[in-house]
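Asks: First residue of the sequence shown: 22, per our numbering; consecutive thereafter. Quick reminder that beta carbons are idealized off the backbone N, C-alpha and C, glycines included. Submitted below is the structure of interest, expressed as structure tokens.
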Amino acid sequence: MNAPVPSSWRLRDAPLNWAAHSLLPFYRRFPYAGQMPITKVDPRGVVIPTERVFYNRIPKAANSTVVAELAAQSAYRPLLERGTDAKSRFPRPSLMGRAMVEDLARDWFTCTLVRHPVTRTLSAYLDKIAGRTMQSRLFYRWFGTEREPSFTDFCRYLQAGGLWHDMHWAPQSGILLLPLERFDLIGRFERLEADLGRIVTLGFGPDHRLVFRRAGPGPTGAGERAATLVTDEARDILARLYAEDFRAFGYDPAA
């Protein structure tokens, strides 16, 4: 029998979200309405002041590759390097001043890249749950048995209350830092190279050419393994839990 799903962050971290909405220019201009804590979503905003580009990173949607491409294209260099990872190079939304936020609202190029909710969730399962990374801790506490969990087990956990426990499987529409209509381009993982090329051209200029080197962890092969791992029950659960993602980004739950 499964243990109760551990409680979420919401009551504990709600004061931080309130403080951000009250004090930080970005969140005063664009209040975050999702169900994750500001401390989790804020690092997902990539601010490139030199070229006036804003990118919203979506975990399990090639965000490491996209950020590496942005770093290769941009002239921005921080005063203090925080490491070699491109994700740590650029400022976060919480660091933006009021004038920069108003400039962003007026004429910056804004983009993100999303993925089919079924293969994205399957990729999160293969990487974080089957791989038993630190993100799987709450799942295994809930799962409570010795057998290896299936993808359907993971979907049951999401349905039981685990949907917002981690950014890697939280609904994409719920971790966007700007309203959907504020994005100039919403690319797709399924056409990564083409849409990343559009981001480069529109964000950095027609004289910039795509470098395109895959970065981050190796691929999980979720697309190829979906036919054998995604049961009818799992697909039905995901269709309900990610209904807003399917609607907002135009994906077919049955595909």
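Decide if Pro78 is buried, meaning its Cβ has at least 16 other Cβ atoms within 10 Å, or exposed.
Replies: Here residue 78 corresponds to residue number 57 of the sequence shown, with the count starting at 1. Here residue 78 is Arg; the residue named in the question, Pro, does not match the sequence. Buried is the call here.
Asks: So what does DSSP say about Val122, is it helix, strand or coil?
Replies: What you label residue 122 is simply residue 101 of the sequence shown in a count that begins at 1. Correct three-state label for Val122: helix.
Asks: Can you give me the C-alpha to C-alpha distance between Pro72 and Leu231, rounded to a whole angstrom?
Replies: The residue given as residue 72 occupies position 51 in the sequence shown. The residue given as residue 231 occupies position 210 in the sequence shown. Sequence check: residue 72 is Glu here, not Pro. Distance between the alpha carbons of Glu72 and Leu231: 16 Å.
Asks: Quick check: what's the CA-CA separation for Leu91 versus Val221?
Replies: Start at 1 with the first residue of the sequence shown, and residue 91 comes out as number 70. Start at 1 with the first residue of the sequence shown, and residue 221 comes out as number 200. So the alpha carbons of these two residues sit roughly 8 Å apart.
Asks: Helix, strand or coil for Val135, going by three-state DSSP, please let me know.
Replies: As a position in the sequence shown, residue 135 is number 114, starting the count at 1. Strand.
Asks: Under the assumption that Val135 contacts Phe75 (Cβ atoms under 8 Å), give the Cβ distance between them as a whole number of angstroms.
Replies: For the purposes of this step, residue 135 is identified with residue 114 of the sequence shown, where counting begins at 1. For the purposes of this step, residue 75 is identified with residue 54 of the sequence shown, where counting begins at 1. Contact flag wrong, Cβ pair sits at about 16 Å.
Asks: Among Arg50, Phe130, Pro64, which one has its Cα closest to the Cα of Arg110?
Replies: By one-based count along the sequence shown, residue 110 stands at place 89. Comparing Cα positions, the closest option is Pro64.
Asks: Pull the bridge partners of Ile16 from the DSSP assignment, please.
Replies: Because the chain in this structure spans residues 22 to 276, residue 16 falls outside the shown range and cannot be described.
Asks: Going by DSSP, what residue range makes up the beta strand (DSSP E) through Arg209?
Replies: Translated into the one-based positions of the sequence shown, residue 209 becomes position 188. From DSSP, the beta strand (DSSP E) with Arg209 extends over 206-209.
Asks: Could you tell me the alpha carbon to alpha carbon distance between Ala41 and Arg168, rounded to whole angstroms?
Replies: Along the sequence shown, one-based indexing puts residue 41 at 20. Along the sequence shown, one-based indexing puts residue 168 at 147. Their Cα atoms are separated by approximately 43 Å.
Asks: Please go through the same chain and pick out, in chain order, the residues whose beta-carbon is closer than 8 Å to the beta-carbon of Gln94, but skip the five residues on each side of it.
Replies: Here residue 94 corresponds to residue number 73 of the sequence shown, with the count starting at 1. Within the same chain, Gln94 has close Cβ partners Glu72, Val221, Gly224, Phe225, His229, Val232.
Asks: Once the 5 residues before and after Asp216 are set aside, which same chain residues still bring their CB inside 8 Å of it?
Replies: The residue labelled residue 216 in the question sits at position 195 within the sequence shown. Excluding positions up to five away in sequence, the list reads Leu134, Leu206, Gly208, Arg209.
Asks: Using the rule of at least 16 other Cβ atoms within 10 Å of the residue's Cβ for burial, across every protein chain shown, is Asn38 buried or exposed?
Replies: Taking the sequence shown and counting its residues from 1, the one referred to as residue 38 is at position 17. It counts as buried.
Asks: Quick one: give me the first and last residue of the alpha helix (DSSP H) that Val87 is part of.
Replies: The residue labelled residue 87 in the question sits at position 66 within the sequence shown. Looking at the DSSP string, the run of the alpha helix (DSSP H) that includes Val87 is 84-94.
Asks: Does Arg261 pass the burial test, meaning 16 or more other C-beta atoms within 10 Å, or should it be called exposed?
Replies: Numbered from its first residue, the sequence shown carries residue 261 at position 240. It is exposed - the Cβ of Arg261 has fewer than 16 other Cβ atoms within 10 Å.
Asks: Quick check: Arg256 and Pro274, are their CB atoms within less than 9 Å of each other?
Replies: As a first step, residue 256 is located in the sequence shown; it is residue number 235 there, counting from the start. As a first step, residue 274 is located in the sequence shown; it is residue number 253 there, counting from the start. Contact: yes.
Asks: If we require 3 or more residues per run, which beta strand (DSSP E) segments fall completely within the segment 193-253?
Replies: For the segment 193-253, whole beta strand (DSSP E) runs of length 3 or above, ordered along the chain, are 206-209.
Asks: Please work out which residues of its chain come closer than 8 Å, Cβ to Cβ, to Ala96, disregarding the five sequence neighbours upstream and downstream, and give them in chain order.
Replies: If you number the sequence shown from 1, residue 96 lands on position 75. Once the five neighbours on either side are set aside, the close Cβ partners of Ala96 are Thr71, Glu72.
Asks: From what residue to what residue does the alpha helix (DSSP H) around Phe160 run?
Replies: Locating residue 160 in the sequence shown gives position 139, counting from the first residue. Phe160 -> alpha helix (DSSP H) spans 158-164.
Asks: Ile69 bridges to which residues according to DSSP?
Replies: Residue numbering aside, residue 69 sits at position 48 when the sequence shown is read from its first letter. According to DSSP, Ile69 bridges with Val74.
Asks: Whose C-alpha, out of Phe172, Leu101, Thr249, Asn23, is nearest the C-alpha of Trp190?
Replies: Counting from 1 along the sequence shown, the entry for residue 190 is found at position 169. When only C-alpha atoms are compared, the closest one is Phe172.
Asks: Which stretch, first to last residue, makes up the alpha helix (DSSP H) that contains Thr173?
Replies: Against the sequence shown, residue 173 aligns to sequence position 152. It spans 172-178 - the alpha helix (DSSP H) in which Thr173 sits, taken as one unbroken run.
Asks: For Phe270, name the three-state secondary structure that DSSP assigns.
Replies: If you number the sequence shown from 1, residue 270 lands on position 249. Of the three classes helix, strand and coil, the one that applies to Phe270 here is helix, per DSSP.
Asks: Within 10 Å of its beta-carbon, does Pro200 have 16 or more other beta-carbons around it, so buried, or fewer, so exposed?
Replies: On the sequence shown, residue 200 is found 179 positions in, with the first residue counted as 1. Exposed.
Asks: Please return the same chain residues whose Cβ sits closer than 8 Å to the Cβ of Met57, not counting the five positions on each side in sequence.
Replies: For this step, residue 57 is matched to residue 36 along the sequence shown. Trp30, Trp185, Met188, Ala191, Gly195, Ile196, listed in sequence order.
Asks: Compute the beta-carbon to beta-carbon distance between Val88 and Lys108, rounded to the nearest angstrom, for a pair I have assumed lies under 8 Å.
Replies: Here residue 88 refers to the residue found at position 67 when the sequence shown is read from its first residue. Here residue 108 refers to the residue found at position 87 when the sequence shown is read from its first residue. Yes, Val88 and Lys108 are in contact; Cβ-Cβ is about 5 Å, under 8 Å.
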